[in-house]
Amino acid sequence: RFELAPAQGDAPRVIERERRADEGVGKFVGRKEELRKVGECLALANRGRARVLGIASLVGFTPENMEKESENQPLRNLPIFAAAGRLDETIPLAQSQHSAQVLQKLGAALDYREYNTKHKVDASGMRDLQVWWQKQSAI
Numbered sequence: 023r024f025e026l027a028p029a030q031g032d033a034p035r036v037i038e039r040e041r042r043a044d045e046g047v048g049k050f051v052g053r054k055e056e057l058r059k060v061g062e063c064l065a066l067a068n069r070g071r072a073r074v075l076g077i078a079s080l081v082g083f084t085p086e087n088m089e090k091e092s093e094n095q096p097l098r099n100l101p102i103f104a105a106a107g108r109l110d111e112t113i114p115l116a117q118s119q120h121s122a123q124v125l126q127k128l129g130a131a132l133d134y135r136e137y138n139t140k141h142k143v144d145a146s147g148m149r150d151l152q153v154w155w156q157k158q159s160a161i
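Whatever position you read off the sequence shown (first residue = 1), add 22 for this note's numbering.
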C-alpha cells in the first residue's frame, strides 16, 4: 500500500505516499529485483511497524537465511498475504511453501494461498487479495 521514494545512495528508502486500496498492484520483474523489493518491504516493516498495514507477496519468495531471525519474531503479527502458483516454473511451489513456513516462523499473520496458475495470479487470486486488503484497511 506504500510507494517508496527512489533510493538515495545507501540510505534507507522512505515512504513517498500511501496508495489507495483500489490502485493497481505493481509487478516485479526479475529475481534480483524481486529479492531487493522483498528485502526493502521486510526491512521497512521491521523498522517502522506503525507505518506498515501489511505486505502482499504475489508469486514471490523470501530471501535466503531469513529464518535465522525467527527467534525474535521480527514480523510478529504483521499481516502478509502470499499467493503462489502451483504450476509456476519460475518460483517452484516447494520454494513458495518454504517461504510461507519462514514467514510464519518470523511471526507474520500469514494468509497463504495457492492457485492453479504459473507465475501469475489469476482473477480468483486478485479477488482474494482485494478482500485481504479491505480487511487490513479496516483495522
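For every residue, glycine included, the Cβ atom is placed at its ideal position computed from N, Cα and C.
The model shown is predicted, which means the values in this text are computed figures rather than measured ones.
- In the displayed model, GLY147 falls within a helix according to three-state DSSP.
- For the pair of segments examined, the region 136-155 was found to touch the region 105-117: the number of CB pairs separated by less than 8 angstroms reaches three.
- In this structure, LEU132 sits near ALA122, with a CB-CB distance shorter than 8 angstroms.
- Here DSSP, grouped into helix, strand and coil, assigns GLN156 to helix.
- Counted as a single uninterrupted DSSP element, the beta strand (DSSP E) harbouring LEU80 occupies residues 77-80.
- The three-state reading of DSSP puts GLU136 in strand, counting E and B together.
- Straight-line spacing of the CA atoms in ASN99 and GLN30 works out to 30 angstroms.
- By the CB criterion at 8 angstroms, PRO101 and GLY76 fall inside the cutoff.
- For the set ALA78, VAL81, LEU128 and PRO85, the Cα lying nearest the Cα of GLU93 is the one of LEU128.
- At a Cβ-Cβ threshold of 8 angstroms, TRP154 and PHE103 count as neighbours.
- Between GLU89 and SER146, the alpha-carbon positions lie close to 30 angstroms from each other.
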